[in-house]
Amino acid sequence: MLDFHLDRRGGLPPYQQLIQQVQQAVRLGTLVPGDQLPTAKSVVAALGINPNTVLKAYRELEHAGVVEMRAGVGTFVLASAPPATATAHPRLRTRLATWMLAAQQAGLAPGDVRALFEATFTDTYGRGAA
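Note that the sequence shown covers residues 1 to 130 in this note's numbering.
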């Protein structure tokens, strides 16, 4: 099951962070069709956020066709990653892990690696890219 986390320092609203985490898990194959998302109640308890925040994220995911909300039962994944995307991930993840190991061996602290990655991501995709 997916464990959500929030970056309270970033400018992205919590509901959008939840949406991005579900979408990423689907793209990476961590969540597959039929998997159940954590209940709103469990997300609220774990993250200390308003239940409406979780429900808003789940409703937007449902509207996008990623999940299906079943009253009294739960929220379930409908969509899966496109095949081309799913096959590219293992290769790209290996290359990224190699890069991170090189950064670590060069003496970069985890925060420096993250800052470098985020700066490069922004340069490549532009500000506000998700």
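Cβ atoms here follow ideal geometry from the backbone N, Cα and C, with glycine treated the same way.
Are residue i and residue j closer than 8 Å when you measure CB to CB?
i, j, result
"L61", "A25", "no"
"V54", "V43", "yes"
"A57", "I19", "yes"
"G74", "Q36", "yes"
Per DSSP, what kind of secondary structure is residue i in: helix, strand or coil?
i, result
"M100", "helix"
"F4", "coil"
"T75", "strand"
"V66", "coil"
Going straight from the alpha carbon of residue i to that of residue j, what length do you get?
i, j, result
"D123", "V113", "15 Å"
"L31", "H5", "16 Å"
"G48", "A106", "38 Å"
"S80", "H89", "14 Å"
For the alpha helix (DSSP H) that residue i lies in, which residues bound it at each end?
i, result
"V32", "Where V32 is concerned, there is no enclosing alpha helix (DSSP H), given that its DSSP letter is neither H nor E."
"A115", "P110 to Y125"
Verify the CB distance criterion: does residue i have a CB-CB separation below 8 Å to chain D?
i, result
"R9", "Looking for chain D here will not work: only one protein chain is present."
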